[in-house]
Every structure is written in C-alpha cells, then in structure tokens.
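A.B. asks: Sharing a structure here in structure tokens format.
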DNA sequence: AGCACGATGCTCT
DNA sequence: GAGCATCGTGCTT
C-alpha cells in the first residue's frame, strides 16, 4: 500500500501541519526494503520573522528548498556529522517547515535497529541515520512514492496525548522565539 | 538520571 | 572564523 499524504496537507499553517504530523507514518524505501516509523515528535519553523528558523536572514543556497512548494523534503547537514529531515509547509514563496524529531519503528524494525546498532530513534539525527536519509534527498517530493521517502496517514492522536514546549537547541535565539511552544510530542507510554 | 564534553565539517558573515 | 534545529561516551550523584 502506497498512499502519501497529498500536497494540500502541507499547504496549511505550519503549526497545524506539525500537530497533524504526530501519529503519521514516515516511510522510507532503502535498498528496496520498506522501513516505517510513527512520527512522535516534531517542531515548527515558520518564516523569516522566526529568528529560530534558517530563513531568518532570507533565502540562501542552503535553505532554498524551504521557499519552494509544500510537501517537499528539506534535508540539511549540521554539527559536522548530522542530517536533519524537515517537511516543507505553506505556500510556495513562504519559508516554513516541520522538523521531524523522533519516530517509533513499526516496520523493518530489525533493520532499523541494526542500522542504529541497537540504539533508539528518538532524535532528529538518529532517525535520519536509521532510515538512510541524507543530502541526496534534499528537495525531493514527499508526495511521490518514486522519491523513496514519503508520509502516510497513521494513528489518531488526541490532544490529551500531546505535550508541547519550546524548541530544542536554540541556544542563541532571542525571545520570544526561543521559548515559543512550537515543539509537539506524543506522551511516552 | 543527569551533566559535561569532544567529534567534525558545512554555511554564511 | 563563528556558529550550529546533535549524539554518544564517560563520569558524577
């Protein structure tokens, strides 16, 4: 079954998309094998006004994908060794995205676990490493299965099972951006 | 369970 | 040259 969320899903206010991405299924075809994880934690990054967002200084070579159409993957490299996966949101020309921060493996768990050498997939760089996501996927469409990476509908998540809080790792970002509750995660069992 | 730290290289000023 | 939307290890409590 291959049924990616449609582009219109992503073409909405980023906080709505972020909230609704919780509980969806992140699907990766790696070496012909299907690896799937439930998305359990995300963060919203919204436009040039948001001083925590990569677009805060305008369009650059790195962040260009965020200015493009919604429903594409914005994958960037940081800390000298880590790849981060984002889903581009809102209309073309507006720079916004949702960072995928954690997944719960539900298909191909054995392979995911092996790729992680037994460690977890709760962290933005951990899940990209687990699923073999890197810069080669920057800019691909999340609405086209041929890309080898997409997001499908998953399980329903009620508000009561969601925790919000400030985004992680924005050490030098000024207020109020540093503390806005733009991180969403599913309550741990 | 929590904190400190080093790894490591790309991007933008 | 500074600054990173981080992770794993190793040490302390």
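Residue numbers (our numbering): 1 to 189. The beta carbon of each residue, even a glycine, is placed where N, CA and C say it ideally should be.
What does DSSP give as the partner residue(s) for residue 141 in the beta ladder?
C.D. replies: Reading the first chain from its first residue, position 141 is the one you call residue 141. Beta-bridge pairing links residue 141 to 72.
A.B. asks: Do residue 2 and residue 27 have their CB atoms nearer than 9 Å?
C.D. replies: As a working mapping, residue 2 is identified with position 2 in the first chain. As a working mapping, residue 27 is identified with position 27 in the first chain. Yes. Within cutoff.
A.B. asks: Check whether the Cβ atoms of residue 184 and residue 22 lie closer than 9 Å to each other.
C.D. replies: Residue numbering aside, residue 184 sits at position 184 when the first chain is read from its first letter. Residue numbering aside, residue 22 sits at position 22 when the first chain is read from its first letter. Yes, the Cβ-Cβ distance between residue 184 and residue 22 is below 9 Å.
A.B. asks: Check whether the region 91 to 108 touches the region 61 to 80, taking contact to mean three or more Cβ pairs, one atom from each stretch, closer than 8 Å.
C.D. replies: Verdict: yes, contact present.
A.B. asks: Going by beta-carbon coordinates alone, are residue 155 and residue 38 separated by less than 9 Å?
C.D. replies: Walking along the first chain from the start, residue 155 turns up at place 155. Walking along the first chain from the start, residue 38 turns up at place 38. Result yes, Cβ atoms of residue 155 and residue 38 sit closer than 9 Å.
A.B. asks: Just to confirm, is the Cβ distance from residue 44 to residue 182 under 9 Å?
C.D. replies: For the purposes of this step, residue 44 is identified with residue 44 of the first chain, where counting begins at 1. For the purposes of this step, residue 182 is identified with residue 182 of the first chain, where counting begins at 1. Going by C-beta atoms, residue 44 is nearer than 9 Å to residue 182.
A.B. asks: Measuring straight from C-alpha to C-alpha, what distance separates residue 33 and residue 81?
C.D. replies: Position 33 of the first chain, counted from the first residue, corresponds to residue 33. Position 81 of the first chain, counted from the first residue, corresponds to residue 81. Roughly 25 Å between the two C-alpha positions.
A.B. asks: Can at least three beta-carbon pairs, one atom from the region 113 to 129 and one from the region 62 to 71, be found at a separation below 8 Å?
C.D. replies: No, because fewer than three Cβ pairs between the region 113 to 129 and the region 62 to 71 fall closer than 8 Å, the two stretches do not touch.
A.B. asks: Within 10 angstroms of its Cβ, does residue 167 collect 16 or more other Cβ (buried), or is it exposed?
C.D. replies: Against the first chain, residue 167 aligns to sequence position 167. Buried, because 16 or more other Cβ atoms sit within 10 Å of the Cβ of residue 167.
A.B. asks: Do you know whose CA, among 47, 187, 84, 141, lies nearest residue 125's CA?
C.D. replies: Counted from its first residue, the first chain places residue 125 at position 125. When only C-alpha atoms are compared, the closest one is 84.
A.B. asks: Name the one or two DSSP bridge partners that residue 97 has.
C.D. replies: In the first chain, the residue the question calls residue 97 occupies position 97. Answer is 45, 88, bridged to residue 97.
A.B. asks: Kindly examine the ligand SAH and report whether one of its heavy atoms sits closer than 8 Å to the Cβ of residue 7.
C.D. replies: Looking at this structure, you won't find the ligand SAH or any other ligand, since it has none at all.
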